[in-house]
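Asker:
Numbering (the numbering used here), first residue to last: 1344 to 1723.
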C-alpha cells in the first residue's frame, strides 16, 4: 500500500498509539488526520480513493465539519474508521456521513444508540463509561465481531447486560470492579478476555470453564500464585501473567500446547520454566524481571521461538546461554540488560511499543531506561 496521506502531520512523526495491547500499523490507513488543520482541496481530490481512515485529534462534535466537509457531496467509499481520541465522538455524525459503507468501526462514542443504522458493519470495537449503553449493541445481531472495552474504574454489576450481546468476541474489563467471573462462562462466542489489574481481587476459578478462549490477560495478581484453573484452556494462543509477583509454579501451562505468546514479566519469584517444554509452538516469551537463569529447556523444546526477553534477570552462565540460543534457528530478537526494577502493577497497561534503547548513546541511558520502563512490550 502506498504511504497514507497525513492531514496535519507526517506519518513519520506519529507515535504508535496502542489499544487493547496492540500497536497501530499506520500503513493500513489511506488517510490520517492528526490536527485541527482543515483538509484542503488537494486532499479532498484524493478522498474518493480513501477506504481506511484514522482520526487522532479531538475535534469534538461541534467541529466535526472539519472532517465532514471534504466528504460532503462525494460518493465516498469509507470501509473502516479508527478513532483514537480522549473525548467521545458523535456516532450519529459518523453514521450520517459514512453509515452506508462502513464495515469496521473503533472508537469512544457519546452514545451507541445509532449503531443499528450501520447496515454493513462487520466489526465493532467500542468503549463505554456507562454500562447501560451496551444495550444498544443488542441491535446489531448480524455483526459477527463485537469488542467491548469498559472504562477504567467502571463498576460492572449488571453482568447480564454483557451476556446478552450477540457475537461478543472480545471483552476488556481491566481496571474495573467485577463481583464475579461466573458470567464469563456463559459467553460462548468470547475469544479474547482482558481482566488485568482488577480493582477488587476475585477468584479466577470460573475461567476454567471458558475452554473456547484464545487470548487471556490476567495481569497483576500480587497475592495469587495458583494457576491450576488454567489447565483446561488448551486453545489459548496468547497469555499474560504479568505481575504475578508470587507465582513460582507454572506446571499447569504444560497443557497449553497451542500457546504462541507468553508474558511473565515481573513474575519476580518465577525461576523454573521447564513446564514450557510442551509449548512447542511458543514464538514470544517475556521473562523480564523474573528469577530465571536457565533457558536450556526452552531452547530445546520451543524451536519456533522468535523473541526472548531476559532483561532484569539474574546473571546467567554465558557459555550455557550462548549454547542454548544457538539452536534457536528462528530467533530474531533477544533482549538483555538490567535496569531499575519497577513497582508491581505499574506495567499492566503498558503499550505494545518497544524503544530501541540498545542503540542510544551513553549520555541518554538514564532517559532510555525510563522510556523503556514506560513502553515495555506487553502481551498480544
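Note that the Cβ used here is the ideal one computed from N, Cα and C, for glycine as well.
Between which two residues does the alpha helix (DSSP H) holding residue 1603 run?
Answerer: For the purposes of this step, residue 1603 is identified with residue 260 of the chain shown, where counting begins at 1. Per DSSP, residue 1603 belongs to no alpha helix (DSSP H) and is neither H nor E.
Asker: Quick one: what's got a C-beta closer than 6 Å to residue 1356's C-beta in the same chain, skipping five residues either side?
Answerer: For the purposes of this step, residue 1356 is identified with residue 13 of the chain shown, where counting begins at 1. Any reading at residue 1356 needs caution, since the residue's pLDDT is 31, under 50, leaving its predicted position unreliable; the model's value is listed next. So the list is empty, once near-sequence residues are dropped.
Asker: Let's test the definition: count the other Cβ atoms within 10 Å of the Cβ of residue 1450 and tell me whether it reaches 16, buried, or not, exposed.
Answerer: As a first step, residue 1450 is located in the chain shown; it is residue number 107 there, counting from the start. Classification of residue 1450: buried, given that the 10 Å Cβ count is 16 or more.
Asker: Go ahead and pull the three-state DSSP assignment for residue 1664.
Answerer: Reading the chain shown from its first residue, position 321 is the one you call residue 1664. Reduced to three states, the DSSP call for residue 1664 is helix.
Asker: State the beta-bridge partners of residue 1651 as determined by DSSP.
Answerer: Locating residue 1651 in the chain shown gives position 308, counting from the first residue. Answer is 1628, 1677, bridged to residue 1651.
Asker: Which residues in the same chain have their Cβ closer than 7 Å to the Cβ of residue 1601, if we skip the five residues on either side of it in sequence?
Answerer: Here residue 1601 corresponds to residue number 258 of the chain shown, with the count starting at 1. Hits under 7 Å: 1577, 1578, 1579, 1580, 1624.
Asker: Secondary structure at residue 1425, three-state DSSP: helix, strand or coil?
Answerer: Position 82 of the chain shown, counting from 1, holds the residue named residue 1425. DSSP places residue 1425 in strand when its eight states are reduced to three.
Asker: Which same chain residues, not among the five before or five after residue 1677, have their C-beta less than 6 Å away from its C-beta?
Answerer: As a working mapping, residue 1677 is identified with position 334 in the chain shown. Contacts found: 1651.
Asker: Please state if the CB of residue 1642 and the CB of residue 1667 are separated by a distance shorter than 7 Å.
Answerer: Here residue 1667 refers to the residue found at position 324 when the chain shown is read from its first residue. Here residue 1642 refers to the residue found at position 299 when the chain shown is read from its first residue. Yes, the Cβ-Cβ distance between residue 1667 and residue 1642 is below 7 Å.
Asker: Taking its Cβ as the centre, do 16 or more other Cβ atoms sit within 10 Å of residue 1681, making it buried, or is it exposed?
Answerer: Locating residue 1681 in the chain shown gives position 338, where the first residue counts as 1. Under this definition residue 1681 is an exposed residue.
Asker: Using the beta-carbon count (16 or more within 10 Å), is residue 1518 buried or exposed?
Answerer: In the chain shown, residue 1518 corresponds to position 175, counting from 1. Buried, since its Cβ has 16 or more Cβ neighbours within 10 Å.
Asker: Are the Cβ atoms of residue 1629 and residue 1655 separated by less than 7 Å?
Answerer: Residue 1629 sits at position 286 when you count from the first residue of the chain shown. Residue 1655 sits at position 312 when you count from the first residue of the chain shown. No.
Asker: What number of angstroms, rounded off, separates the C-alpha of residue 1448 from the C-alpha of residue 1528?
Answerer: The residue labelled residue 1448 in the question sits at position 105 within the chain shown. The residue labelled residue 1528 in the question sits at position 185 within the chain shown. Taking the straight line from one Cα to the other gives about 27 Å.
Asker: In this structure, does DSSP put residue 1447 in helix, strand or coil?
Answerer: Taking the first residue of the chain shown as 1, we reach residue 1447 at position 104. It is a strand residue.
Asker: Per DSSP, residue 1558 is paired with what?
Answerer: Taking the first residue of the chain shown as 1, we reach residue 1558 at position 215. DSSP lists 1535, 1581 as partners of residue 1558.
Asker: Whole angstroms are fine: how far does the CA of residue 1433 sit from the CA of residue 1398?
Answerer: Stepping through the chain shown from its first residue, residue 1398 is reached at position 55. Stepping through the chain shown from its first residue, residue 1433 is reached at position 90. Approximately 13 Å, taken between the alpha carbons.
Asker: Counting C-beta neighbours from all protein chains within 10 Å, is the total for residue 1481 16 or more, i.e. buried, or is it exposed?
Answerer: Translated into positions along the chain shown, residue 1481 becomes position 138. Label assigned to residue 1481: exposed.
Asker: Can you list, in chain order, the residues of its chain with a C-beta nearer than 6 Å to that of residue 1459? Leave out the 5 residues immediately preceding and following it.
Answerer: By one-based count along the chain shown, residue 1459 stands at place 116. So the qualifying residues of the chain are 1482.
Asker: Using only the alpha-carbon positions, how far apart do residue 1401 and residue 1452 sit?
Answerer: Against the chain shown, residue 1401 aligns to sequence position 58. Against the chain shown, residue 1452 aligns to sequence position 109. So the alpha carbons of these two residues sit roughly 12 Å apart.
Asker: Nearest CA to the CA of residue 1620: which residue from 1631, 1638, 1610?
Answerer: Here residue 1620 is taken as the residue at index 277 of the chain shown, counted from 1. Answer by Cα proximity: 1638.
Asker: Looking at the unbroken beta strand (DSSP E) that takes in residue 1491, where does it start and where does it end?
Answerer: Numbered from its first residue, the chain shown carries residue 1491 at position 148. Its beta strand (DSSP E) spans residues 1488–1493.
Asker: Which of the three DSSP states, helix, strand or coil, is assigned to residue 1528?
Answerer: As a first step, residue 1528 is located in the chain shown; it is residue number 185 there, counting from the start. DSSP places residue 1528 in helix when its eight states are reduced to three.
Asker: For the beta strand (DSSP E) that contains residue 1469, what are its first and last residues?
Answerer: Counting from 1 along the chain shown, the entry for residue 1469 is found at position 126. Counting along the chain, the beta strand (DSSP E) containing residue 1469 begins and ends at 1466–1471.
Asker: What span of residues does the beta strand (DSSP E) with residue 1512 cover, start to end?
Answerer: Sequence index remark: in the chain shown, residue 1512 carries index 169 (1-based). Residues 1511–1515.
Asker: Below 7 Å between beta carbons: does that hold for residue 1609 and residue 1571?
Answerer: As a working note, residue 1609 is residue 266 in the chain shown. As a working note, residue 1571 is residue 228 in the chain shown. For residue 1609 and residue 1571, no; Cβs fall outside 7 Å.
Asker: Suppose contacts are defined by Cβ-Cβ distances below 7 Å. Is residue 1541 in contact with residue 1556 by that definition?
Answerer: The sequence position of residue 1541 within the chain shown is 198, counting from 1. The sequence position of residue 1556 within the chain shown is 213, counting from 1. No, they are not a contact pair.
Asker: What residue range is occupied by the uninterrupted alpha helix (DSSP H) comprising residue 1434?
Answerer: Within the chain shown, the letter at position 91 stands for residue 1434. Run containing residue 1434: 1434–1441, per the alpha helix (DSSP H) assignment.
Asker: When the Cα of residue 1636 is compared with those of 1574, 1503, 1489, 1616, which residue comes out closest?
Answerer: For the purposes of this step, residue 1636 is identified with residue 293 of the chain shown, where counting begins at 1. The residue with the shortest Cα to Cα distance from residue 1636 is 1616.
Asker: Rounded to a whole number of angstroms, what is the C-alpha to C-alpha distance between residue 1486 and residue 1516?
Answerer: Reading the chain shown from its first residue, position 143 is the one you call residue 1486. Reading the chain shown from its first residue, position 173 is the one you call residue 1516. About 21 Å.
Asker: Can you tell me where the beta strand (DSSP E) with residue 1398 in it begins and where it stops?
Answerer: In the chain shown, counting from the first residue as 1, residue 1398 sits at position 55. Residues 1395–1398.
Asker: Taking only three categories from DSSP, how would you classify residue 1672?
Answerer: Here residue 1672 is taken as the residue at index 329 of the chain shown, counted from 1. Three-state result, residue 1672: coil.
Asker: According to the Cβ coordinates, are residue 1511 and residue 1538 closer than 7 Å?
Answerer: Here residue 1511 is taken as the residue at index 168 of the chain shown, counted from 1. Here residue 1538 is taken as the residue at index 195 of the chain shown, counted from 1. Against a cut-off of 7 Å, the Cβ pair of residue 1538 and residue 1511 comes out as no contact.
Asker: Identify whether residue 1375 lies in helix, strand or coil by the three-state DSSP scheme.
Answerer: On the chain shown, residue 1375 is found 32 positions in, with the first residue counted as 1. DSSP places residue 1375 in strand when its eight states are reduced to three.
Asker: Grab me the residues of residue 1532's own chain with a C-beta within less than 7 Å of its C-beta, minus the 5 sequence neighbours each way, in chain order.
Answerer: Taking the first residue of the chain shown as 1, we reach residue 1532 at position 189. Once the five neighbours on either side are set aside, the close Cβ partners of residue 1532 are 1510, 1511, 1512.
Asker: Relative to the alpha-carbon of residue 1633, which residue among 1499, 1622, 1658, 1431 has its alpha-carbon at the smallest distance?
Answerer: Your numbering for residue 1633 matches position 290 in the chain shown. Closest by alpha carbon: 1658.
Asker: Pick helix, strand or coil for residue 1621, following the three-state DSSP scheme.
Answerer: Here residue 1621 is taken as the residue at index 278 of the chain shown, counted from 1. Residue state, collapsed to three classes: helix.
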